[in-house]
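In my numbering, the protein residues as written are 70 to 394. Positions of the beta carbon are idealized from the N, C-alpha and C atoms, including for glycine. All remarks here apply to the structure that follows.
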């Protein structure tokens, strides 16, 4: 091995972030003097490290039809300065990223297939082997339609374009992240986001006509039927009281903005109806919503469960998400 190869490998051993080409270029500029290159190598290493960090935190895939963002994070403090012109610039940048950006499918990067399951130890052990959960997350496709007056998602959620929430939503996506208000609706999922351009149209909510007939249950007692007027409604006179002297537990609730709130409950006295009451108090602006328990798999708290206690519904220490209709 000649001196040049030795100096290159020595420099790379001290600064593993440097490629062979970078190390060779630095050494050439310093006449292959290893000691005089150390200072410049340190500054180059910092730049390379920062570049790698930014790349890992911003994995966005794009296509001519939309963008697919797979990093689920709520980290953003940036906002759009204000004004329709600034919003239009961000919208233009979003669709430009969707059509030009992307990760090369032929880059040779293969998904990691980590082990999950339960192993078996040889010999006598006092406790069974622990179960290792899978690190793979469910893939979900989400469509976001940008209208002239707001942002609509395929789960029915709508955000006004000129509102602070709408500006933050657009700026977060412009940075390559999934907005927290959207990520909270799909917990523990990898989201593939598709952008649809409807900026020449105004969003108009779909009007529904309530069913006014009556249904009949199969194999039910004579006269047993259900009518459309029997849906549960929020009782404003209802109050929630926590008694420390009784059995206690807690539930965690996430609103549509991804904000987390913890409530202490009495599991043998409080019911699912009380959980809905807490949700109304946490986000009173929502007239109609459902509650989704974050479990494997997630499930909705149906109206038929409202009379059950928290203990009967197995909601102690549960994490519940508010999802608008």
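How about residue i and residue j: do their beta carbons lie closer than 8 angstroms?
i           : j           : result
residue 340 : residue 376 : yes
residue 374 : residue 348 : no
residue 257 : residue 209 : no
residue 211 : residue 251 : yes
residue 242 : residue 248 : yes
residue 335 : residue 354 : no
residue 358 : residue 391 : yes
residue 253 : residue 327 : yes
Could you tell me the boundaries of the beta strand (DSSP E) in which residue i lies?
i           : result
residue 360 : 358 to 362
residue 390 : 388 to 393
residue 238 : Where residue 238 is concerned, there is no enclosing beta strand (DSSP E), although the alpha helix (DSSP H) it sits in stretches over 233 to 243.
residue 331 : 329 to 334
residue 229 : 227 to 229
How far does the alpha helix (DSSP H) with residue i in it reach, from first residue to last?
i           : result
residue 83  : 72 to 83
residue 92  : 89 to 98
residue 249 : 249 to 252
residue 343 : 341 to 351
For residue i, list the residues DSSP reports as bridge partners.
i           : result
residue 222 : 213
residue 270 : DSSP, once it has assigned bridges, lists no residue as partnering residue 270.
residue 320 : 332
residue 262 : 211
residue 369 : 361
residue 378 : 340
Spatial neighbours of residue i within its chain, please: C-beta separation below 7 angstroms, excluding the five flanking residues on both sides.
i           : result
residue 332 : 319, 320, 322 and 347
residue 77  : 89, 92, 93 and 96
residue 343 : 309
residue 173 : For residue 173, the predicted model reports a pLDDT of 43, less than 50, meaning its position is unreliable; a value from the coordinates is still stated below. So the list is empty, once near-sequence residues are dropped.
residue 385 : 318, 336 and 379
residue 299 : In this predicted model, residue 299 has a pLDDT of only 40, less than 50, meaning its place in the structure is not dependable; the value taken from the coordinates is given anyway. Closer than 7 angstroms at Cβ, skipping near neighbours: no residue.
residue 329 : 321 and 323
residue 116 : Any reading at residue 116 must be qualified, since the residue scores a pLDDT of 42, below 50, and its modelled position is unreliable; no value is offered.
residue 79  : 103
For residue i, collect the residues of the same chain with a Cβ closer than 6 angstroms to its Cβ; drop the 5 residues on either side in sequence, then sort them by chain order.
i           : result
residue 273 : none
residue 214 : 221, 265 and 267
residue 369 : 359 and 361
residue 411 : Since the first and last residues shown for the chain are 70 and 394, residue 411 lies out of range.
residue 162 : 243
residue 367 : 361
residue 382 : 341 and 374
residue 311 : 333
residue 223 : 212
Tell me which residues share the same chain as residue i and place their Cβ nearer than 8 angstroms to its Cβ, disregarding the 5 neighbours each side in the sequence.
i           : result
residue 225 : 393 and 394
residue 269 : 217
residue 101 : 72, 73 and 76
residue 352 : 324, 325, 358 and 391
residue 364 : 387
residue 227 : 219, 220, 221, 272 and 274
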